[in-house]
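Numbering (full-length UniProt numbering), first residue to last: 1 to 207.
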């Protein structure tokens with residue numbers, strides 16, 4: 001990486017914002033420099049350009065040495081904003097980025113203070129498996145004594161009960177861990193009883 005780490009991340013954020021605000025359909029050179037193995041990649045659309053830049057930012061969120069830079073560049077806010085996008089791919093990458101970041105205590109506190117739990121819960125209704133898995137995992141990481149009232153609210157517990165019965169082993173195992181480790185037996189029983197008297201709510205994601 002020729003640029004310094006902060007400068008490179010700043011350039012990625014700027015490119016995403018410019019592409020987002022102006023509709024500039026030029027090739028995202030910074031995104032392609034990371035993801036492309038070809039010296040002459042084919043032209044990409046505006047949507048693809050945004051997706052590539054956001055995917056790169058989410059990948060950088062894996063590395064704890066980037067956390068301070070990402071906070072400084074307000075990337076956590078960018079990820080939270082993208083959770084309400086119509087594009088399932090943008091939501092997937094944003095949710096994955098938040099999942100990576102919330103392992104850090106400072107990032108966790110920031111997401112909670114920014115009222116990030118609600119849009120994350122909304123991602124449980126996504127038809128994209130990766131988005132749902134990231135959302136469930138993120139809710140686990142965000143659960144504290146104070147936030148538990150949100151992260152394990154009754155609709156969430158009901159959703160986890162349904163996920164635990166999914167034929168998708170990855171999702172069912174994760175939901176079972178959520179129910180066992182983050183919910184009280186009383187919460188689970190209340191959600192189970194309520195589910196018997198209500199219509200099916202959050203749909204299962206597509207395999």
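Yeah, the Cβ is synthetic: ideal placement off N, Cα and C, and Gly gets one too.
- The beta strand (DSSP E) runs lying completely inside the segment 100 to 188 and spanning 3 residues or more number zero.
- At the C-beta level, residue 195 and residue 158 come within 7 angstroms of one another.
- When DSSP states are grouped into helix, strand and coil, residue 195 belongs to the helix group.
- Shortest Cα-Cα distance from residue 160 to any of 145, 132, 149 and 142 involves 132.
- In the three-state reduction of the DSSP assignment, residue 96 falls in the helix class, which pools H, G and I.
- Secondary structure note for residue 51: its alpha helix (DSSP H) is the uninterrupted segment 46 to 60.
- With a cutoff of 7 angstroms on beta-carbon distance, residue 137 and residue 99 are scored as near each other.
- It is roughly 13 angstroms from the alpha-carbon of residue 103 to the alpha-carbon of residue 65.
- With a cutoff of 7 angstroms on beta-carbon distance, residue 143 and residue 151 are scored as near each other.
- Distance from residue 54 to residue 94 at the Cβ level is roughly 6 angstroms; contact confirmed, criterion being Cβ atoms closer than 8 angstroms.
- By the C-beta density criterion, residue 91 is buried, having at least 16 other C-beta atoms within 10 angstroms.
- Counting along the chain, residue 78 sits inside the alpha helix (DSSP H) bounded by residues 75 to 82.
- When secondary structure is reduced to three states using DSSP, residue 87 falls in the coil class, being assigned neither helix nor strand.
- Taking all protein chains shown into account, residue 162 has 16 or more neighbouring C-beta atoms within 10 Å of its C-beta and is therefore buried.
- With contacts defined as CB atoms closer than 7 angstroms, residue 12 and residue 69 fail to qualify as a contacting pair.
- Residue 19 places its beta carbon less than 7 angstroms from that of residue 49.
- When 110, 149, 5 and 168 are compared, the shortest CA-CA separation from residue 130 is found for 168.
- Separation of the CB atoms of residue 71 and residue 110 is rounded to 7 angstroms, and the pair is thereby assigned contact status at 8 angstroms.
- In this structure residue 97 is in contact with residue 61, their Cβ atoms being roughly 5 angstroms apart against a cut-off of 8 angstroms.
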